[in-house]
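Trainee: Residue 1139 is where the sequence shown ends in the working numbering, and the numbering goes up by one at each step. Ideal placement from N, C-alpha and C gives every residue a C-beta, glycine not left out. Note that the structure is predicted; figures quoted are calculated from it, not measured. Before anything else, here's the structure in question.
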Amino acid sequence: MRRHQWLLSLSLATMTAFSFGCEDDDDNDVIVEAASPSPTTPTPGLTSPTVEATLPGNTFESTCLETRLLDMMSTTRRLVFGAAGELSKTETFFLGDDCGTSPYLVYESTGTYSDKGPNSDLVGSNNIDFAIQSTSLTPLSELLVVSFNTRQYCGKKDWVLDQKVDVTGLSCDSLSLNTATQAADIYVVEDDVLYLGSTFNYDSAKDATRPTSVDRDVSYRIPSIQ
């Protein structure tokens, strides 16, 4: 029994001595620090800066719009702004109210536009002037051709299906515009969407009243980014 106690005491003494011998009291400790996280590098191509569309060189199209012109109930508009100030407007009318697949009449006008710079009253908008030089009508329905010839619409009685007719300066129940008709308007482009003045009507007066607001119920978008 005494031998066992002596061996146990020896073992404890040996472990204590080993423990003290393993203590590191010098100053040459090697400290390993956790590496700082690398800065996150953005992946190229995931985002791109927003670039607002400008008028020159772009085409804008409207959604289906309600109309009450002759017997027609809906229409779509296409505005082409040339790089050198040329303007082309195409309006396609439909009998139904949903701009269906069967167009009824095409109304085209051509001329020029001139951006006059920021509007002083409406922040973010620009003044723009239109000068319409020619207009034309193209009937796309036999029923409309018969109606036009019977009524001698625009003073003509030789309307033909799918044939464009120059009606510049003629009286056509509010469809025609006189040569060199002027229009003073404003416009806003937001997120590549174009809004024109709330009174987007061509007036025969050169100094027609410029609208004071834009019509946000009628928007025009670039077809490729709709």
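#1: Would DSSP call SER1060 helix, strand or coil?
#2: Here's the rule I'm using: 16 or more other beta-carbon atoms within 10 Å means buried, otherwise exposed. How should VAL1059 be labelled?
#3: Give the straight-line distance between the Cα atoms of LEU1053 and ILE1045, rounded to the nearest whole angstrom.
#4: Shortest alpha-carbon distance to ASP1071 belongs to which of GLY1082, LEU1050 and LEU982?
#5: With a cut-off of 8 Å on the beta carbons, I'd call VAL1101 and SER1038 a contact; round off their distance for me.
#6: What's the gap between the Cα of GLU979 and the Cα of PRO1031?
#7: Note down the Cα distance separating THR1048 from LYS1029, rounded to an integer number of angstroms.
#8: Give the range of the beta strand (DSSP E) segment to which ARG991 is assigned.
#9: Excluding sequence positions up to five away, which residues of its chain have a Cβ less than 6 Å from the Cβ of THR1003?
#10: Taking only the alpha-carbon atoms, compute the straight-line gap between ALA1096 and GLU1055 and give it to the nearest angstrom.
#11: Going by DSSP, which residues form a beta bridge with VAL1078?
#12: Which residues in the same chain as ASN971 place their Cβ atom closer than 7 Å to its Cβ, once the five residues preceding and following it in sequence are excluded?
#13: Counting C-beta neighbours from all protein chains within 10 Å, is the total for THR1125 16 or more, i.e. buried, or is it exposed?
#14: If the criterion is Cβ atoms closer than 7 Å, does the pair CYS977 and CYS1012 meet it?
#15: Below 6 Å, is the gap between the Cβ of VAL1058 and the nearest heavy atom of the ligand MN?
Mentor: According to the structure shown:
#1: The residue given as residue 1060 occupies position 147 in the sequence shown. It is helical.
#2: As a working mapping, residue 1059 is identified with position 146 in the sequence shown. Burial call: exposed.
#3: The sequence position of residue 1053 within the sequence shown is 140, counting from 1. The sequence position of residue 1045 within the sequence shown is 132, counting from 1. Whole-angstrom Cα-Cα distance: 24 Å.
#4: Position 158 of the sequence shown holds residue 1071. Among GLY1082, LEU1050 and LEU982, the Cα nearest to that of ASP1071 belongs to LEU1050.
#5: To locate residue 1101, count along the sequence shown from 1; it is residue 188. To locate residue 1038, count along the sequence shown from 1; it is residue 125. With a Cβ gap of about 5 Å, VAL1101 and SER1038 count as contacting.
#6: Within the sequence shown, residue 979 is the residue found at index 66, counting from 1. Within the sequence shown, residue 1031 is the residue found at index 118, counting from 1. Rounded to the nearest angstrom, the two C-alpha atoms are 30 Å apart.
#7: As a working mapping, residue 1048 is identified with position 135 in the sequence shown. As a working mapping, residue 1029 is identified with position 116 in the sequence shown. Approximately 24 Å between the Cα atoms of the pair.
#8: Walking along the sequence shown from the start, residue 991 turns up at place 78. 985–994 is the extent of the beta strand (DSSP E) around ARG991.
#9: As a working mapping, residue 1003 is identified with position 90 in the sequence shown. Only ARG991 and GLU1021 meet the Cβ criterion.
#10: Translated into the one-based positions of the sequence shown, residue 1096 becomes position 183. Translated into the one-based positions of the sequence shown, residue 1055 becomes position 142. Rounded to whole angstroms, ALA1096 to GLU1055 spans 34 Å at the Cα level.
#11: Here the question's residue 1078 lines up with position 165 in the sequence shown. According to DSSP, VAL1078 bridges with LEU1050.
#12: Start at 1 with the first residue of the sequence shown, and residue 971 comes out as number 58. PHE994 and ILE1135.
#13: Looking up residue 1125 in the sequence shown gives position 212. Label assigned to THR1125: exposed.
#14: Walking along the sequence shown from the start, residue 977 turns up at place 64. Walking along the sequence shown from the start, residue 1012 turns up at place 99. Taking 7 Å as the Cβ cut-off, CYS977 and CYS1012 qualify as a contacting pair.
#15: Among the ligands in the structure shown, none appear at all, so the ligand MN cannot be discussed.
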